[in-house]
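If you read the protein sequences in the order shown, they are chains A and B. Going by the numbering used here, the first residue of the first sequence is number 1, and it counts up by one from there. Going by the numbering used here, the first residue of the second sequence is number 113, and it counts up by one from there. I have placed the structure first, in the form of structure tokens, so that the comments after it can refer back to it.
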Amino acid sequence: SQQGEEDPQALSIQEGENATMNCSYKTSINNLQWYRQNSGRGLVHLILIRSNEREKHSGRLRVTLDTSKKSSSLLITASRAADTASYFCATDPHQAGTALIFGKGTTLSVSS
Amino acid sequence: GAVVSQHPSWVICKSGTSVKIECRSLDFQATTMFWYRQFPKQSLMLMATSNEGSKATYEQGVEKDKFLINHASLTLSTLTVTSAHPEDSSFYICSARQQGLSNQPQHFGDGTRLSIL
């Protein structure tokens, strides 16, 4: 089953602009992960934020986590056409050996 | 880094055929692997958890006799879609966790696109 919602479902921006995607979830988590998927391809891991962390950076990516609101956001700064893809958040439950639970995803289109 | 290999990447076959998809962890051991299904423009839905040396755990609504899972070693899990029909056409993705590690990303295969004619 899916954990929660992501918004927006689709986002279209121009190159150079920032893109912000939000994710909400329902249960307690060990960590939250963001993945990227190009059309028809597998998933690429972008960043993992632990439940005791509030913010994390990796290159042009910035992820925040608010466990009190059960929400996370992914910010991509200075977007490029190559950032065009679907982005999914996935929560990692507290139980060992359990699967990631994915949000519905945001489809990002960056035009040049 | 840790790599998961999934094979084949693309299958086209006739209705009624059984199709086997392999998922291998190439440089780490995985007692647990996961199988997901993804329909066009949708998210990944967990089908089952594959446990090395024991029976798989299936999610509600997933037919275990339709989707046979075998996890015979610490590096290989297979998903067999038995007597496949057009409605089984989908993108199937496996993932694996490195054994004994917590707070680490899961590693995903590149997926298998299954098209049943």
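Cβ coordinates follow ideal geometry from the N, Cα and C atoms, glycine included. Keep in mind the model is a prediction, meaning the values are calculated, not measured.
Residue i versus residue j - alpha carbon distance
i                     : j                     : result
residue 18 (chain A)  : residue 78 (chain A)  : 5 Å
residue 51 (chain A)  : residue 104 (chain A) : 21 Å
residue 186 (chain B) : residue 157 (chain B) : 23 Å
residue 160 (chain B) : residue 134 (chain B) : 14 Å
residue 8 (chain A)   : residue 173 (chain B) : 28 Å
residue 124 (chain B) : residue 218 (chain B) : 28 Å
residue 99 (chain A)  : residue 93 (chain A)  : 8 Å
residue 97 (chain A)  : residue 171 (chain B) : 15 Å
residue 47 (chain A)  : residue 122 (chain B) : 28 Å
Short Cβ contact (8 Å threshold) for residue i with residue j
i                     : j                     : result
residue 41 (chain A)  : residue 222 (chain B) : yes
residue 120 (chain B) : residue 224 (chain B) : yes
residue 201 (chain B) : residue 226 (chain B) : yes
residue 58 (chain A)  : residue 65 (chain A)  : no
residue 220 (chain B) : residue 43 (chain A)  : yes
Close Cβ partners of residue i (< 6 Å) along its chain, the five nearest in sequence each way excluded
i                     : result
residue 91 (chain A)  : 3, 25, 29, 32 and 101
residue 109 (chain A) : 12 and 84
residue 229 (chain B) : 126
residue 137 (chain B) : 116, 187 and 208
residue 203 (chain B) : 150, 223 and 225
In DSSP terms, what residue i is bridged to
i                     : result
residue 45 (chain A)  : A:35
residue 132 (chain B) : B:192
residue 53 (chain A)  : Per DSSP, none; premise fails for residue 53 (chain A).
residue 110 (chain A) : A:13
residue 91 (chain A)  : A:32 and A:101
residue 204 (chain B) : B:149 and B:224
Residue i (DSSP reduced to helix, strand or coil)
i                     : result
residue 120 (chain B) : coil
residue 164 (chain B) : coil
residue 175 (chain B) : coil
residue 7 (chain A)   : strand
residue 139 (chain B) : coil
residue 152 (chain B) : coil
residue 222 (chain B) : coil
residue 217 (chain B) : coil
residue 99 (chain A)  : coil
Contacting residues, own chain, Cβ-Cβ under 7 Å from residue i (five flanking each side not counted)
i                     : result
residue 141 (chain B) : 186, 187 and 211
residue 60 (chain A)  : 76, 77 and 78
residue 67 (chain A)  : 51
Cβ neighbours of residue i in the same chain (closer than 8 Å, five flanking residues each side left out)
i                     : result
residue 163 (chain B) : 143, 144, 169 and 183
residue 1 (chain A)   : Low local confidence applies: a pLDDT of 48 at residue 1 (chain A) is under 50, so the model's placement there is unreliable, and no value is given.
residue 194 (chain B) : 130, 177, 178, 179 and 180
residue 15 (chain A)  : 79, 80, 81, 110, 111 and 112
heavy atom of the ligand MN below 7 Å from residue i C-beta
i                    : result
residue 74 (chain A) : With respect to small molecules bound, the structure shown includes none, and the ligand MN cannot be examined in it.
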